[in-house]
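Trainee:
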Amino acid sequence: MPAYQFTAIDASGKQQKGVLEGDSARQIRQQLRDRALIPVAVEPVEQKDRQTGSKWFQKKITAYDLALLTRQLSVLVAASIPLEEAIRAVGKQTEKPHVQNLLMSVRSKVLEGHSLASALQQAGRFPELYTATIAAGERSGHLDLILDQLSDYTENRFAMQKKVQGAMIYPVILMLMSFAIVMGLMTYVVPDIVKTFDQSKDALPWITVALMKASDFIRVAWPFLLVGSVVGMFLLIRFLNTTAGHYAFDRLTLRLPLFGKLSRGINAARFASTLSILTRSGVPLVDALKIGAAVSSNWVIRDSVNAAAEKVTEGGNLATQLERSGYFPPMMVQMIKSGEASGELDRMLERASGMQDREVTAFISTLLALLEPLMLVFMASIVLVIVIAVMLPIVNMNNMI
Numbered sequence: 001m002p003a004y005q006f007t008a009i010d011a012s013g014k015q016q017k018g019v020l021e022g023d024s025a026r027q028i029r030q031q032l033r034d035r036a037l038i039p040v041a042v043e044p045v046e047q048k049d050r051q052t053g054s055k056w057f058q059k060k061i062t063a064y065d066l067a068l069l070t071r072q073l074s075v076l077v078a079a080s081i082p083l084e085e086a087i088r089a090v091g092k093q094t095e096k097p098h099v100q101n102l103l104m105s106v107r108s109k110v111l112e113g114h115s116l117a118s119a120l121q122q123a124g125r126f127p128e129l130y131t132a133t134i135a136a137g138e139r140s141g142h143l144d145l146i147l148d149q150l151s152d153y154t155e156n157r158f159a160m161q162k163k164v165q166g167a168m169i170y171p172v173i174l175m176l177m178s179f180a181i182v183m184g185l186m187t188y189v190v191p192d193i194v195k196t197f198d199q200s201k202d203a204l205p206w207i208t209v210a211l212m213k214a215s216d217f218i219r220v221a222w223p224f225l226l227v228g229s230v231v232g233m234f235l236l237i238r239f240l241n242t243t244a245g246h247y248a249f250d251r252l253t254l255r256l257p258l259f260g261k262l263s264r265g266i267n268a269a270r271f272a273s274t275l276s277i278l279t280r281s282g283v284p285l286v287d288a289l290k291i292g293a294a295v296s297s298n299w300v301i302r303d304s305v306n307a308a309a310e311k312v313t314e315g316g317n318l319a320t321q322l323e324r325s326g327y328f329p330p331m332m333v334q335m336i337k338s339g340e341a342s343g344e345l346d347r348m349l350e351r352a353s354g355m356q357d358r359e360v361t362a363f364i365s366t367l368l369a370l371l372e373p374l375m376l377v378f379m380a381s382i383v384l385v386i387v388i389a390v391m392l393p394i395v396n397m398n399n400m401i
């Protein structure tokens, strides 16, 4: 039964919006009249989504919403509630209209005979790992277990995201305030101070001359710098959205000392977790490898996993292929090798995934802890240079006197 989004007016003249299910828009209007509501607009949820335009203007499902609805769906499915009723119940629990519309659209597809994974994929707002994992659960007949594992994964991902966001608030505010203070000094304070040196016949220190030229340049060219920064950022984003730009950025990221290690760690943890869930669900190893490659955020690592999948198809060893790529930690490769030898690959992948998650969490915590003092030292160094450039001529004049 399709879902329709309606806009109606009640007896007091207030506008009400919501989602109802019916065979046709005419039936939805009749339901609204039965509730003493005057229908204004009734549109299918899918048509409403298409009318919102491009993906830029569509409200995305957040990590919190995804974790919450996955956990609720997991509990209801484990309680042997029919899937379409479980989706309907989860949709009624949410307070966000766009999430409710999305779930009702998914339920409509399920009622039409589509699988849950197919309905989620057609909705177009769920991660590829999410739909691939649910598809594996449906194929293996253990959707309740897969949803439980997936809910743990989404909750951990949300917790990590909130931790990083919370830790970044102070450094970002510090950076913005420091930048504003430095620009204020260079634009208003420094020019007034260095005016006293203009009439001096003595040669000024080179650092003072450089500061004066930098201050003059910023005062004259700041509108062009602002426009240039915005245009440059726009062009950079457009370039990164291209295939060549994405590959160039991923290669550069892997070469950087700290960010390369972080990227390898995150992708290794995500790959191990995906492969663990899929192999436990009975998905063939080659198919699981292709899905694990697809969820990688780094395209260079994704291509290396796809190449490893091809070698495994030809009879190669998974651990050997991952080791040759050079993008996976030696301990994780050794654990996979042990799992292949013992026939317990899924269990070893689960342990490797947990180990990688802990290492990535610790590494991110260390980086965030170092970021605050580094920002303070960096901005203090800039202020120190400005103070030295201003004070050196004064000290030289005092020495001459």
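Going by full-length UniProt numbering, the sequence shown opens with residue 1, and the numbers climb by one from there. Virtual Cβ for every residue (Gly too), placed ideally from N, Cα, C.
1) How far does the alpha helix (DSSP H) with I266 in it reach, from first residue to last?
2) Considering only residues of the stretch 101-147, which uninterrupted beta strand (DSSP E) runs meet the minimum length of 3 residues and lie entirely inside it, listed in chain order?
3) DSSP on F6, reduced to helix/strand/coil?
4) Considering just the uninterrupted stretch of the alpha helix (DSSP H) at P44, what are its terminal residues?
5) Could you pull out every residue in the same chain whose Cβ sits closer than 7 Å to the Cβ of I28, ignoring the five residues on either side in sequence?
6) What is the DSSP secondary structure of L345, counted as helix, strand or coil?
7) For residue 402, report the span of its alpha helix (DSSP H) as first-last.
8) Does the stretch 207-222 come within contact of the stretch 380-392, defined as at least 3 CB pairs closer than 8 Å?
9) Under a three-way DSSP split, which group does K14 fall into?
10) Is the stretch 313-321 touching the stretch 169-176, taking contact as three or more C-beta pairs under 8 Å?
11) Taking 8 Å as the threshold (C-beta atoms), are A294 and L275 in contact?
12) Within the same chain, show all residues whose beta-carbon is closer than 8 Å to that of E112, passing over the 5 residues directly before and after it, in chain order.
13) For V377, name the three-state secondary structure that DSSP assigns.
14) Is the distance from the Cβ of L348 to the Cβ of G339 below 8 Å?
15) For the structure I just gave you, are there three or more beta carbon pairs, one from the stretch 149-161 and one from the stretch 66-85, closer than 8 Å?
16) Which residue comes first and which comes last in the alpha helix (DSSP H) that contains E310?
17) Do you know how far the Cα of P284 is from the Cα of E84?
18) Residues in the same chain with beta-carbon distance under 8 Å from I386, minus the five sequence neighbours each way, listed in chain order, please.
19) Using only the alpha-carbon positions, how far apart do S325 and I81 sit?
20) Could you spell out the range, first to last residue, of the alpha helix (DSSP H) harbouring R29?
21) Which stretch, first to last residue, makes up the alpha helix (DSSP H) that contains V286?
22) Do you know offhand how far A135's Cα is from N267's?
23) Tell me whether the beta-carbon of L345 lies closer than 8 Å to the beta-carbon of T279.
24) From the DSSP secondary-structure annotation, give me the bridge partner or partners of V19.
25) Since L103 contacts I87 with CB under 8 Å, what's their CB separation in whole angstroms?
26) Report the residue from G91, P97, L143 whose alpha carbon sits nearest the alpha carbon of residue 404.
27) Reducing DSSP to helix, strand and coil, say where Y247 ends up.
28) Where does E95 fall in DSSP's three states?
29) Flag this pair as touching only if the stretch 290-310 and the stretch 355-368 have three or more C-beta atom pairs under 8 Å; answer yes or no.
Mentor: Looking at the atomic coordinates:
1) 257-280
2) none
3) strand
4) Looking at the DSSP string, P44 is not in any alpha helix (DSSP H); the run it does join, the beta strand (DSSP E), is 38-44.
5) Y4, F6, L20, G22, V42
6) helix
7) What is shown of the chain runs 1 to 401, which leaves residue 402 out entirely.
8) yes
9) coil
10) no
11) no
12) none
13) helix
14) The sequence shown places Met at residue 348, not Leu. Result yes, Cβ atoms of M348 and G339 sit closer than 8 Å.
15) yes
16) 299-313
17) 28 Å
18) V182, L185, M186, V190, L211
19) 45 Å
20) 25-34
21) 285-294
22) 22 Å
23) yes
24) Q5
25) 6 Å
26) Summary: the structure shown does not reach residue 404, with the chain confined to residues 1 through 401, and so no result is reported for it.
27) helix
28) coil
29) no
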